[in-house]
Every structure is written in structure tokens, then in C-alpha cells.
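In what follows, a structure is listed as C-alpha cells, so that the remarks can point back to it.
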Amino acid sequence: MSKPIDLNGSRYDQDTYIGRAKHFFMLTNPMNIFATAEQLQEAKKIVETYQYSKRMPEGYNEDKLWSMKYLYDSAHHPDTGDKMFVLGRMAAQAPMNTLITGCMITFYKTTASTVFWQWFNQTFNAVVNYTNRSGTTPISKSDFTFHSRQLLASYCCACGGALGTALFLNSKVKILVLIVHPVPSSDCRWLYFYLFCSGQHMKPVYASMVPFAAVCGANFINIPMMRSNELIHGATVFAPDGTKIGESKNAARLGIFLVCVSRCFMAVPGMTLTPLATNYARRRGLFCNYPNGVLPFQLGLVGLCVLIATPLCCALFKQKATLSVTSLEPELQAIMKKRYPKAETVYFNKGL
Numbered sequence: 001m002s003k004p005i006d007l008n009g010s011r012y013d014q015d016t017y018i019g020r021a022k023h024f025f026m027l028t029n030p031m032n033i034f035a036t037a038e039q040l041q042e043a044k045k046i047v048e049t050y051q052y053s054k055r056m057p058e059g060y061n062e063d064k065l066w067s068m069k070y071l072y073d074s075a076h077h078p079d080t081g082d083k084m085f086v087l088g089r090m091a092a093q094a095p096m097n098t099l100i101t102g103c104m105i106t107f108y109k110t111t112a113s114t115v116f117w118q119w120f121n122q123t124f125n126a127v128v129n130y131t132n133r134s135g136t137t138p139i140s141k142s143d144f145t146f147h148s149r150q151l152l153a154s155y156c157c158a159c160g161g162a163l164g165t166a167l168f169l170n171s172k173v174k175i176l177v178l179i180v181h182p183v184p185s186s187d188c189r190w191l192y193f194y195l196f197c198s199g200q201h202m203k204p205v206y207a208s209m210v211p212f213a214a215v216c217g218a219n220f221i222n223i224p225m226m227r228s229n230e231l232i233h234g235a236t237v238f239a240p241d242g243t244k245i246g247e248s249k250n251a252a253r254l255g256i257f258l259v260c261v262s263r264c265f266m267a268v269p270g271m272t273l274t275p276l277a278t279n280y281a282r283r284r285g286l287f288c289n290y291p292n293g294v295l296p297f298q299l300g301l302v303g304l305c306v307l308i309a310t311p312l313c314c315a316l317f318k319q320k321a322t323l324s325v326t327s328l329e330p331e332l333q334a335i336m337k338k339r340y341p342k343a344e345t346v347y348f349n350k351g352l
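In the UniProt record's numbering, the protein residues as written are 1 to 352.
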């Protein structure tokens, strides 16, 4: 008789980067978002039935069973088991970020388009960050109004931070153009006029990098703000045997920081390589006869970059993160020393 499959873990070794990359390629597969409610319910039924009985369902083998497990995990929160909003799932990252990033690096020449797409991007990010938060702490009815106001404030801060960064960097790029190409006039009025109207003279390779810098800056605002409940109450930490120990703010801070770093790396290929490749193609005259080909060219590159970068950057750190016992709050250290005197680390879900 074959050894039962442990569906509580991953099919691939999570202690190695390659194993985590394979795991997230399955979990972030964009095809998962097209699964119907009936298919997700069937996946849940198969997974829960096998976990209870340890018997392979009729017509299933190990590959098919793991396929259902990844479909289930792609749509359900790892801590609560609740079904996640479809656009907040990591499987939606590739198609949604392809659309958003493609538009951000294409429509960047006016303040209105910069504001709109930064707002759209941060709204989507807020949904993703809240959907993939860590922890199982329920929100009481008495705290619901406060929590709703907190979410609204977090959303406004995240969007405001991104917009402020983008507009600030846009202005700096224009000043850089004045330094490199001085205005041939001693009249200051013409200097200011040129400063505010020189957007059409900016080198595209400079200006199209602005969204990337804005997104990176906004990640360190959006993610902590949309997961501020964890910073206030802490992330749930577990002993090596899976027993819940309590909520740790130190674990929450570490998890959120790691997610911010991985999200910044996730944006690098699509938002830097794509503008560079597009600028090179323009200089080579590839779009002279097909000017309308710029947008599909950029969308194709962004789609390819995001499709690959999403799982590879999610795999930079373990989702089941560890924290040394000595880094816990004093009260949690006391619990660990009493119950698990030999344990050196605790575990928690850092989120995605």
C-alpha cells in the first residue's frame, strides 16, 4: 500500500527556491481564475474527502489529486479557508497586471493619464493586498465600523502615496531635461513655460520608467496600510507541531516587509525591460510603418514578463515563514519556553 499523500503541505520542496518556484507556477496559473463555482466546489470536496479518508477518489491518481489541490488553494485563503475575491487571487496577477502595466507605460505623457492609471493600479493592489493578508483573527461587530474606516483610510493613503510619487518623479524628469538641454533664453518666464510644457520633449526611456519607481514606492505604503490590522493585532504564529501560540506584531512586520520586497522585484521585468525594449525598437524604426503596433508589442512583453515574474518572485521567500523565538514578544517567548523549551523558531503565514 502506497504512503498517503500529505495535502496539508506542498507537492514540491519548500526549502529550495526551485521547489517554491514550481509550487507558485501551479498556484498562480492564470487559467485557475476561469474555474467555475462548480469546479471549485468539486475541488474542495475532493481535497477534504481525501484528507479525511486518505483514500484516492475513484478515477483519480496522484497528479490529478494535486491538480485539484492547487485549484482549491488558488481560490481559498490558506488561513481561513474562505473563498477569495476572484480579482484578488494571485492567479489574476498575470492578466490584470498585463493590462494595467501595459497602459501605465504606454499612457504616461499627460498628468491625467498618469493619475488615472496610478489610481487604477493602486485600487487593484489594495484588493490583492487585503485578499492575501495573513491571519485568522475575526472582526467583531463592534469593530466593524472602525475596521471599515481604517480600510478606507489605508486605501486613500496608498493611492495618494503612489500618485504623489509619480507626479513628483515626472516633475524631476522635466527638470532633468532642462539641465541636459538648457533653454536658450535668459527670460525666466520662458524657462518656467518650458518646464511645464516640456513633457513632449522628454526622452521616452526616462519618462516611461516613472511608473516603476512610483509602483515601488507605493508598495511600501499600500501593503502595510491594507494589512494594518496585522500590524495592530499581530499575525498568528504556530509552534513546530502546528499548535497556535498567539498573535505577534513582530511576525506581522517581518511578513509585510518580505511581501513588499517580493512585489518590487515582481514589477522589475515588466516595467523596466519593456520600456527599454520598446525604446530600442523605436530607434531601429520597427514602428515607422506600423505605429499602432506599439501597444500590442508592449502588452505582449509585459504579459510574458508578468507571467514569469509572478511565481518566481513569490518564491523568493517561503509563504510559511519562520521567526526565531528570541524575536517574539516577551509573553509569547514565555509560552514557547514553557511548552516547547527546545524549539528555536515559530511559523506564520507571511501572505503574498
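The C-beta atom is built at its ideal place from N, Cα and C for all residues, glycine as well.
Residue i burial status per 10 Å Cβ neighbour count (16 or more: buried)
i: M73; result: It is worth fixing the name first, because residue 73 is Asp in this sequence and not Met. Its Cβ being crowded by 16 or more others within 10 Å, D73 is buried.
i: R283; result: exposed
i: K342; result: exposed
i: K3; result: exposed
i: F34; result: exposed
i: L152; result: exposed
i: Y130; result: buried
i: S10; result: buried
i: R133; result: buried
i: K54; result: exposed
i: K45; result: exposed
i: Y280; result: exposed
i: Y52; result: exposed
i: G285; result: exposed
i: A334; result: exposed
i: K350; result: buried
i: T326; result: exposed
i: I245; result: buried
i: M31; result: exposed
i: R149; result: exposed
i: V215; result: buried
i: G300; result: exposed
i: A112; result: exposed
i: C305; result: buried
i: G242; result: exposed
i: L7; result: buried
i: E48; result: exposed
i: C103; result: buried
i: T165; result: buried
i: I223; result: buried
i: S228; result: buried
i: S262; result: buried
i: C156; result: exposed
Beta-ladder partner(s) of residue i, from DSSP
i: L323; result: V346
i: F238; result: K244, Y347
i: K83; result: H76
Boundaries of the alpha helix (DSSP H) in which residue i is found, first to last residue
i: F297; result: 294-314
i: Y52; result: 37-53
i: L231; result: 228-233
i: I335; result: 330-339
i: G19; result: 17-27
i: F120; result: 111-131
CB contact check: residue i to chain D, cutoff 8 Å
i: I335; result: Chain labels in this structure do not include chain D; a single protein chain is all it has.
Which full runs of the alpha helix (DSSP H) of 4+ residues lie inside the region 251-296, going along the chain? 274-283
Is there contact between the region 308-318 and the region 85-101, where contact requires at least three CB pairs shorter than 8 Å? yes
Is there contact between the region 328-344 and the region 290-308, where contact requires at least three CB pairs shorter than 8 Å? no
Check whether the region 65-79 touches the region 39-56, counting contact only when three or more Cβ pairs, one atom from each stretch, lie closer than 8 Å. yes
Any chance the region 118-127 sits against the region 54-64, with 3 or more Cβ pairs inside 8 Å? no
For the region 80-87 against the region 251-267, are there 3 or more C-beta pairs whose distance is under 8 Å? no
Say whether the region 232-240 touches the region 266-273, bearing in mind that this needs 3 or more beta-carbon pairs closer than 8 Å, one atom from each stretch. no
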